[in-house]
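Let me begin by presenting the structure, written as structure tokens, before commenting on it.
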Amino acid sequence: MSSFLRINDLQSATIKDILETALDIKKAPEKYERALEKQHFAMLFEKPSLRTRASFSVGIEKMGGVAHFFNMQQEKIGTRESVHDLANNLEQWYQGVIARVDSHSTLADLNEHASIPVINALCDQHHPCQALADALTLFEINANFDEWCVAYLGDFNNVARSLVDVAVQLGFHLTLVTPKNSMLDNFLNYMPFDSADNIQWIEDPAELERCNVIYTDVWQSMGAKKLANNLSSIYQPYQVNQSLMSQTKAEFFMHCQPVHRGEEVTAEVCDSDKSIMYQQARNRMTAQQALLFLMFNGRLK
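In this note's numbering, the protein residues as written are 683 to 983.
Here it is as structure tokens:
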């Protein structure tokens with residue numbers, strides 16, 4: 683049974699299968715009430731969480747499974763005992779591990795030593811469950827991904843990287859509008875943008891043209907060290923406000939949350955009828971339910 687550490691662990695056909703299954707779960711949830719019966723999951727969280735913890739816990743319970751939460755914020759994974767021993771103990775009782783961690787290397791270690799699936803609920807490099815929810819949010823509005831044009835503004839972070847990965851897999855157009863940083867430089871080396879004609883990067887928001895969706899995230903990733911005092915001046919031009927929404931004629935606004943209102947986005951945009959960020963939050967649960975259903979039915983490829 684496969685683990686899920688990043689979007690590229692899945693084939694594009696499998697991602698579409700997840701999206702179709704998620705829509706079916708929404709349409710007929712009673713069909714899935716026992717889909718995870720007798721399945722137990724260990725949730726290891728090194729970072730604080732609202733949406734991830736709630737969406738996994740409630741989603742698993744709705745499908746007949748059980749999720750046990752372990753707060754690892756103070757005592758990080760691998761400090762009290764080795765990751766090898768932790769993984770080998772967990773697999774005695776659980777059928778899967780859901781881990782929200784500081785470093786992707788922790789996930790890799792868990793996956794190396796565990797014989798049960800490991801699911802990335804966020805790390806410093808990737809946020810694949812969020813990307814599945816984002817794709818589902820687009821898919822239920824318009825299933826033709828080649829008709830979507832998404833612009834992501836702000837900090838190039840784990841959310842942006844997974845958004846790129848899912849855009850490449852599904853074929854929607856994605857423009858990254860971000861200042862340069864070390865993660866972006868590393869990513870450019872990892873996947874030059876000329877290798878995917880539906881992905882582009884620009885530095886100046888004034889150059890952004892018409893798009894369907896404006897997407898943003900906080901300017902400082904969760905758990906990041908305090909940045910220089912010029913953080914606001916660096917990112918202020920990337921703020922999503924009514925002027926930018928008008929400039930691009932965007933129909934929708936997306937945000938993975940939590941939101942820092944007045945920083946990366948104005949309250950006016952958050953509360954407008956173009957905002958679908960709460961639909962994204964709702965879709966975290968359904969997309970993850972579909973992922974788990976396919977994972978435990980041997981259909982992840």
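Note that beta-carbon positions come from the ideal geometry of N, C-alpha and C, so glycine has one too. Fair warning: this is a prediction, and the values are worked out from it, not measured in the lab.
Residues in its own chain within less than 8 Å of residue i by CB, not counting five upstream and five downstream?
i	result
I697	I689, L814, A817, V848, Q851, L852
E891	T930
E950	N923, Q924
N753	F727
P675	The requested residue 675 does not occur in the structure, where the chain is confined to residues 683 to 983.
Which whole-angstrom value is the C-beta distance of residue i and residue j, which I expect to be below 8 Å?
i	j	result
G746	E715	6 Å
V800	S685	4 Å
Q807	H786	4 Å
L718	A781	Contact doesn't hold; Cβ gap of about 18 Å is too wide.
Y776	I798	6 Å
W901	D953	Rounded, the Cβ-Cβ distance is 20 Å, inconsistent with contact.
I759	V783	6 Å
L804	I896	At roughly 22 Å, the Cβ-Cβ gap does not stay under 8 Å, so L804 and I896 are not in contact.
Q721	F978	6 Å
A704	A972	4 Å
V846	P887	Rounded, the Cβ-Cβ distance is 18 Å, inconsistent with contact.
K862	E885	7 Å
T898	H937	6 Å
My output table needs one value for residue i: the three-state DSSP class, helix, strand or coil.
i	result
G858	For clarity, residue 858 is Leu in the given sequence; the question names Gly instead. If DSSP states are grouped into helix, strand and coil, L858 belongs with the strands.
F821	helix
A736	helix
A878	coil
A695	helix
F686	strand
L646	Nothing in the structure corresponds to residue 646, since the chain is present only between 683 and 983.
A972	helix
A710	coil
F869	helix
L814	helix
L982	coil
F827	helix
For residue i, which residues in the same chain have their Cβ closer than 7 Å to its Cβ, ignoring the five residues on either side in sequence?
i	result
Q961	T819
N770	H795
F934	N894, V895, K956, I958
L976	D699, I700, T703, L982
A878	V850
Near residue i, which residues of its chain fall below 6 Å by C-beta distance, leaving aside the five closest residues on each side in sequence?
i	result
D791	V765
C893	C831, A833, T930, A932
H855	C831, N880
S739	A749
A736	none
N965	A815, L818, T819
D828	G853
T857	A833, Q882
D706	none
H809	N840, V841, S844
L980	According to the sequence displayed, residue 980 carries Gly and not Leu. So no residue of the chain qualifies.
T788	I759
N793	S685, V800
L687	L789, N802
With a threshold of 7 Å (Cβ to nearest heavy atom), would residue i be considered close to the ligand PLP?
i	result
P940	Among the ligands in the structure shown, none appear at all, so the ligand PLP cannot be discussed.
Next on the checklist: So within the region 744-812, which uninterrupted beta strand (DSSP E) runs reach at least 3 residues, ignoring any that extend past its ends?
Outcome noted: 748-753, 778-782, 800-802
Curious, which full-length beta strand (DSSP E) runs of at least 3 residues does the region 883-968 contain? 895-898, 934-937
Kindly confirm or deny that the region 835-844 and the region 855-869 touch, where touching means at least three C-beta pairs closer than 8 Å. yes
- Taking one C-beta from the region 913-923 and one from the region 941-959 each time, how about it: are there three or more such pairs within less than 8 Å? yes
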